[in-house]
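Q:
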Amino acid sequence: MNTRQKKIALVINPMEPGGAQTAGLKLEKELRRRGHSVLIIFMTRKRDFDCGDANVEVLLDNRSRSLLNIIRLFRRLCKTLKKGKFDTVITLTHYAAVFGSIAAFASRIPVRIASHRNDRAALPASTKVIIPFLSLSGIITGHSFVSEEVRRGLSFFDPFGGKSYVIVNGTDVKPAALSREEARKKLNLPQGVPLLVNTARLSPQKNQALLIKAVSRVENLHLAIAGKGELEYNLIELAEKYGIKDRLHLIGNIPHSRINVFYRAGDLFAFPSKYEGCPNALLEAAGTGLAAVCSDIPAHRGLFTEEEVCFASADNVDSWTEAVEKLLINKEERDNLGKNALRKSKQYSVERMADKFLKLVG
Numbered sequence: 126m127n128t129r130q131k132k133i134a135l136v137i138n139p140m141e142p143g144g145a146q147t148a149g150l151k152l153e154k155e156l157r158r159r160g161h162s163v164l165i166i167f168m169t170r171k172r173d174f175d176c177g178d179a180n181v182e183v184l185l186d187n188r189s190r191s192l193l194n195i196i197r198l199f200r201r202l203c204k205t206l207k208k209g210k211f212d213t214v215i216t217l218t219h220y221a222a223v224f225g226s227i228a229a230f231a232s233r234i235p236v237r238i239a240s241h242r243n244d245r246a247a248l249p250a251s252t253k254v255i256i257p258f259l260s261l262s263g264i265i266t267g268h269s270f271v272s273e274e275v276r277r278g279l280s281f282f283d284p285f286g287g288k289s290y291v292i293v294n295g296t297d298v299k300p301a302a303l304s305r306e307e308a309r310k311k312l313n314l315p316q317g318v319p320l321l322v323n324t325a326r327l328s329p330q331k332n333q334a335l336l337i338k339a340v341s342r343v344e345n346l347h348l349a350i351a352g353k354g355e356l357e358y359n360l361i362e363l364a365e366k367y368g369i370k371d372r373l374h375l376i377g378n379i380p381h382s383r384i385n386v387f388y389r390a391g392d393l394f395a396f397p398s399k400y401e402g403c404p405n406a407l408l409e410a411a412g413t414g415l416a417a418v419c420s421d422i423p424a425h426r427g428l429f430t431e432e433e434v435c436f437a438s439a440d441n442v443d444s445w446t447e448a449v450e451k452l453l454i455n456k457e458e459r460d461n462l463g464k465n466a467l468r469k470s471k472q473y474s475v476e477r478m479a480d481k482f483l484k485l486v487g
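Written out as structure tokens, the structure is:
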């Protein structure tokens, strides 16, 4: 592997506490630890979140899609790339792949990698046309995919089977060194009750409405969600409708440096997403040894087996209620799942993720 120090720009859109953004921060930290010069460029700002000591630049606060704003954004991106004298650009979201690769090409940056993190159904129609063209024309010089499932679904992005790798998100979250009671006290969560925890954007994709319905069927079960999003008030109203408003705890975004405390507070991690590329939160929970119930979708099956997590249908409340009740009652099975998931999570380290990206960029 080429260990020469590189100057790398990670281009992401937008700035918000999402999966691609979290992966970008982890990659930036690890590459910088190895002596590379790295800048994360957020094209637009949607929501601020804790980026730690990462090198970050936000190009625009205005997220308007007017032609004037798009031109302004592209010019600022080109200016930033030229000023940084980068030799590599890695884009981590679909619109970033379009704008970032073209801007990098215009700035004469030789290595232009598009990292794809969503399945085909989740992508805007325009990117399904533009990205293959950018690949065929040589403007994109390489691709990465967060799972084999995503790679198969987006095979038309790289029709000639060029330079590409599957690079799974890495996790750096470790078990918190405190008791469950101490973790709950820090987060102001109730003591002495069974607690499901979920961390995700409050959105239709993440499917937290299903959890509220399942929780309403299990006596005294509470649900804590770390994250913010457009469905916050909808979820509160739904919890009120099902009579569990006092058992729903929306605690907002938690800094990545403290997310292990949140996982430590839970008895079970619940992740009912309708679709995923590569779920950071599920990998993080596994890295703390917390047993998980997750939706039975290809992205989750590609990472874990039934000996490591419990699968439940993404659209069946009965399935979730049964799975949660079974694991809450059976502590031995719950502990075994957590131990097996922790062991498996070591395969998905940030170090391995960084190794593969460096191999891809050459």
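Heads up: the sequence shown begins at 126 in the working numbering, then just goes up one per residue.
Beta carbons are placed, not taken as given, at the ideal position from N, Cα and C, and that holds for glycine.
Should residue 192 go down as buried or exposed, given a rule of 16 or more other Cβ atoms within 10 Å for buried?
A: Label assigned to residue 192: exposed.
Q: Residue 148 and residue 294: beta carbons closer than 9 Å?
A: Cβ distance < 9 Å, so residue 148 and residue 294 count as in contact.
Q: Answer with buried or exposed for residue 163, where buried requires no fewer than 16 other C-beta atoms within 10 angstroms of its C-beta.
A: Buried is the call here.
Q: With 16 as the cutoff for other CB atoms within 10 Å, does residue 126 come out buried or exposed?
A: Annotation note: pLDDT 47 at residue 126 (below 50); position unreliable, no value reported.
Q: Could you tell me if residue 260 is buried or exposed, where buried requires 16 or more neighbouring beta carbons within 10 angstroms of its beta carbon?
A: Label assigned to residue 260: buried.
Q: For residue 376, which of helix, strand or coil comes out of DSSP?
A: Residue state, collapsed to three classes: strand.
Q: Tell me which residues share the same chain as residue 470 and place their Cβ nearer than 8 Å to its Cβ, disregarding the 5 neighbours each side in the sequence.
A: Closer than 8 Å at Cβ, skipping near neighbours: 296, 408, 411, 412.
Q: Here's a check: name, in chain order, each residue in its chain whose Cβ is nearer than 8 Å to the Cβ of residue 337, leaving out the five neighbours to either side.
A: Excluding residues within five positions, the ones whose Cβ falls inside 8 Å are 348, 360, 363, 364, 367, 369, 373.
Q: Looking only at C-alpha atoms, which of 334, 185, 380 sits nearest to residue 445?
A: Of the listed residues, the one whose Cα sits closest to residue 445 is 334.
Q: Taking all protein chains shown into account, decide if residue 424 is buried (16 or more other Cβ within 10 angstroms of its Cβ) or exposed.
A: So residue 424 counts as buried.
Q: Considering only C-alpha positions, which residue in the set 168, 356, 418 is nearest to residue 462?
A: If we check each option's Cα against that of residue 462, 418 comes out closest.
Q: Would you kindly work out how many angstroms separate the C-alpha atoms of residue 146 and residue 480, rounded to a whole number?
A: Straight-line Cα distance between these residues: approximately 19 Å.
Q: Report the three-state DSSP secondary structure of residue 126 (helix, strand or coil).
A: Interpretation of residue 126 is limited by its pLDDT of 47, a score under 50 that renders its predicted location unreliable; the figure taken from the coordinates is listed afterwards. Looking at residue 126 - three-state DSSP - the assignment turns out to be coil, as it is neither helix nor strand.
Q: Return the CA-CA distance between residue 431 and residue 402, expressed in angstroms with no decimal places.
A: Roughly 19 Å between the two C-alpha positions.
Q: Could you say which of 357, 346, 298 lies nearest to residue 327 if we only look at CA atoms?
A: The shortest C-alpha separation from residue 327 is found at 357.
Q: Could you give the first and the last residue of the continuous beta strand (DSSP E) run that contains residue 133?
A: Counting along the chain, the beta strand (DSSP E) containing residue 133 begins and ends at 132 to 137.
Q: Anyone know if the C-beta pair for residue 219 and residue 257 falls short of 9 Å?
A: For residue 219 and residue 257, no; Cβs fall outside 9 Å.
Q: Please list the segments of the beta strand (DSSP E) lying wholly inside the stretch 185 to 232, counting only runs of 3 or more residues, in order along the chain.
A: Here the runs fully enclosed are 213 to 216.
Q: Since I believe residue 206 is in contact with residue 184 (beta carbons under 8 Å), could you give me their beta-carbon distance rounded to a whole number of angstroms?
A: Between residue 206 and residue 184 the Cβ distance is about 11 Å, and since that is not below 8 Å, they are no contact.
Q: Taking DSSP's pairing of strands, which residues face residue 267 in a bridge?
A: Residue 267 pairs with 238.
Q: Between which two residues does the beta strand (DSSP E) harbouring residue 349 extend?
A: That run of the beta strand (DSSP E) goes 347 to 351.
Q: Using the C-alpha atoms, what's the distance from residue 304 back to residue 125?
A: Only positions 126 to 487 of the chain appear in the structure, and residue 125 is not among them; the question remains open.
Q: State the Cα-Cα distance for the pair residue 158 and residue 151, rounded to the nearest angstrom.
A: If you take the alpha carbons of residue 158 and residue 151, they lie about 11 Å apart.
Q: Is the CB-CB distance between residue 321 and residue 394 below 9 Å?
A: Yes, these two residues count as a Cβ contact at 9 Å.
Q: Just the Cα atoms here: how many angstroms apart are residue 254 and residue 487?
A: Whole-angstrom Cα-Cα distance: 27 Å.
Q: Thinking C-alpha only, which one of 299, 350, 354, 278 is nearest residue 247?
A: Looking at the Cα atoms, 278 is the closest of the given residues.
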